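Participant: In the numbering used here, the protein residues as written are 1359 to 1665. A virtual CB, placed ideally from N, CA and C, is assigned to each residue, including glycine. These figures come from a predicted structure and were not determined experimentally. I have a structure I would like to understand better, so I am pasting it below and will then ask my questions one at a time.
Below, the structure written as structure tokens:
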């Protein structure tokens, strides 16, 4: 049985959603913080490992003829982070692709310093014969998705960024960001940093499943540092102004890294963007409130195909 299948099954067993300048309302989470029914049976996939440069990257692909949606995981995640999104997206007719970046579960780190993540992703997409696609990035995945968009804007149908600082090369913006969170934050356990208090209190099985996915990334610290991909572009608010594709930004109302105020600031830099705040979610809105997250995402994706 594959690595993804093992963890996906444990997740299912443990825990079976306006333009930037407009006033935007939260995406209401009508379900309780722990809704086991939201972990649906996964769509069938083709799993594989591709040689990309000097590394091997693990991926899965639902296939089909629908528009492609490529999922870019957070730093604490991997290709198994999407059990709550994959069935909803595949069920709506999309071809859904997830993969692990270097040094994350199923993908090795390669012998030397990692190249830019955008380079790895470009080679992966070319190998899978994906020309244009919708990019969905959560947390660090949002940073890498934006970097790819800056390097290859012609490849994106749309860009979705959830719980991500994005403009990490903008000194003034990062100063404002740092002022909003305590210095001790990065010393706290990952589940305290990335899962909101409502979810931690009401869904211990979901927390356990989330931690199991994080722990699947375990490699020695030196290898992990060398595997961390670099960026091809300086991600500043000015740079974001050059991106013309439709952009959706989401964040949880309890996100300690990207509170709503920061999400709105990022959104104003994009020429064509909308922002949604997910009630009852921390930094991992896609995991904590999948019904609300998926509803917002699917509505956005559908709107881009109608243009």
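Is the region 1651-1664 touching the region 1438-1450, taking contact as three or more C-beta pairs under 8 Å?
Facilitator: Short answer: they touch.
Participant: What whole-angstrom Cβ distance do residue 1514 and residue 1507 have, given they're in contact under 8 Å?
Facilitator: That pair is a contact at about 5 Å.
Participant: Whose C-alpha, out of 1476, 1433, 1595, 1483, is nearest the C-alpha of residue 1572?
Facilitator: Per the Cα distances, 1433.
Participant: Just the Cα atoms here: how many angstroms apart are residue 1402 and residue 1538?
Facilitator: Answer to the nearest angstrom: the Cα atoms are 42 Å apart.
Participant: For residue 1415, list the residues DSSP reports as bridge partners.
Facilitator: BP columns for residue 1415 point to 1408.
Participant: Label residue 1442 either buried or exposed according to how many other C-beta atoms from any shown protein chain fall within 10 Å of its C-beta, with 16 as the threshold for buried.
Facilitator: Buried, since its Cβ has 16 or more Cβ neighbours within 10 Å.
Participant: Starting from the C-beta of residue 1663, find all residues in its chain whose C-beta is less than 7 Å away, skip the five residues before and the five after it, and write them out in chain order.
Facilitator: 1425.
Participant: Could you check if residue 1588 is buried or exposed, using at least 16 other CB atoms within 10 Å of its CB as the buried criterion?
Facilitator: Result: exposed.
Participant: Can you tell me the Cα-Cα spacing of residue 1617 and residue 1641, whole angstroms?
Facilitator: About 9 Å.
Participant: Can you give, in chain order, each stretch of the alpha helix (DSSP H) that sits fully within the region 1470-1516 and has at least 4 residues?
Facilitator: Listed in chain order, they are 1475-1485, 1498-1509.
Participant: Quick check on the DSSP output: the beta strand (DSSP E) that includes residue 1607 runs from which residue to which?
Facilitator: Start and end: 1605-1610.
Participant: Beta-carbon separation of residue 1480 and residue 1457 under 9 Å?
Facilitator: Not in contact: residue 1480 and residue 1457 (Cβ atoms no closer than 9 Å).
Participant: Give the secondary structure of residue 1614 by DSSP, where H, G and I count as helix, E and B as strand, and everything else as coil.
Facilitator: Reduced to three states, the DSSP call for residue 1614 is coil.
Participant: How long is the line joining the alpha carbons of residue 1536 and residue 1624, rounded to whole angstroms?
Facilitator: So the alpha carbons of these two residues sit roughly 15 Å apart.
Participant: Which partner residues of residue 1542 appear in the DSSP bridge assignment?
Facilitator: Residue 1542 is not bridged to any residue.
Participant: Alpha carbons only, please: which of 1496, 1488, 1607, 1461 is nearest the one belonging to residue 1349?
Facilitator: Nothing about residue 1349 can be read from this structure; the chain reaches only from 1359 to 1665.
Participant: Within 10 Å of its beta-carbon, does residue 1647 have 16 or more other beta-carbons around it, so buried, or fewer, so exposed?
Facilitator: Residue 1647 should be labelled buried.
Participant: Would you tell me roughly how many angstroms separate the C-alpha atoms of residue 1461 and residue 1455, rounded to the nearest one?
Facilitator: About 18 Å.
Participant: By the 10 Å Cβ neighbour count, where 16 or more other Cβ atoms means buried, how is residue 1534 classified, buried or exposed?
Facilitator: Classification for residue 1534: exposed.
Participant: What would DSSP say about residue 1524, mapped onto helix, strand or coil?
Facilitator: It is coil, neither helix nor strand.
Participant: Return the chain-ordered list of same chain residues with a C-beta closer than 7 Å to the C-beta of residue 1379, the five sequence neighbours on each side being excluded.
Facilitator: Note that residue 1379 has pLDDT 33, beneath the 50 cutoff, so the model's placement of it is unreliable and no number is given.
Participant: Once DSSP output is grouped into helix, strand and coil, what is the label at residue 1564?
Facilitator: Helix at residue 1564.
Participant: For residue 1483, which of 1550, 1427, 1567 has the nearest alpha-carbon?
Facilitator: Selected option, being the one with the closest Cα: 1427.
Participant: Are the region 1463-1479 and the region 1603-1614 in contact at 8 Å, needing three or more beta carbon pairs?
Facilitator: Not touching, per the Cβ criterion.
Participant: Could you tell me the alpha carbon to alpha carbon distance between residue 1410 and residue 1478, rounded to whole angstroms?
Facilitator: About 6 Å.
Participant: Using the Cβ count rule (16 or more neighbours within 10 Å means buried), how would you classify residue 1562?
Facilitator: Answer is exposed; the Cβ neighbour count stays below 16.
Participant: Work out the CA separation of residue 1564 and residue 1550 for me, nearest whole Å.
Facilitator: Taking the straight line joining both Cα atoms gives about 13 Å.
Participant: Out of curiosity, what's the CA-to-CA distance linking residue 1655 and residue 1603?
Facilitator: When rounded, the distance between both Cα atoms is 15 Å.
Participant: Report, in whole angstroms, the separation of the C-beta atoms of residue 1591 and residue 1509, which I expect to be a contact under 8 Å.
Facilitator: Between residue 1509 and residue 1591 the Cβ distance is about 6 Å, and since that is below 8 Å, they are a contact.
Participant: On a Cα-Cα basis, can you pick out the residue from 1499, 1398, 1628, 1595 that is closest to residue 1529?
Facilitator: Of the listed residues, the one whose Cα sits closest to residue 1529 is 1595.
Participant: When you compare the CB positions of residue 1504 and residue 1593, do they come within less than 9 Å of one another, or not?
Facilitator: For residue 1504 and residue 1593, yes; Cβs fall inside 9 Å.
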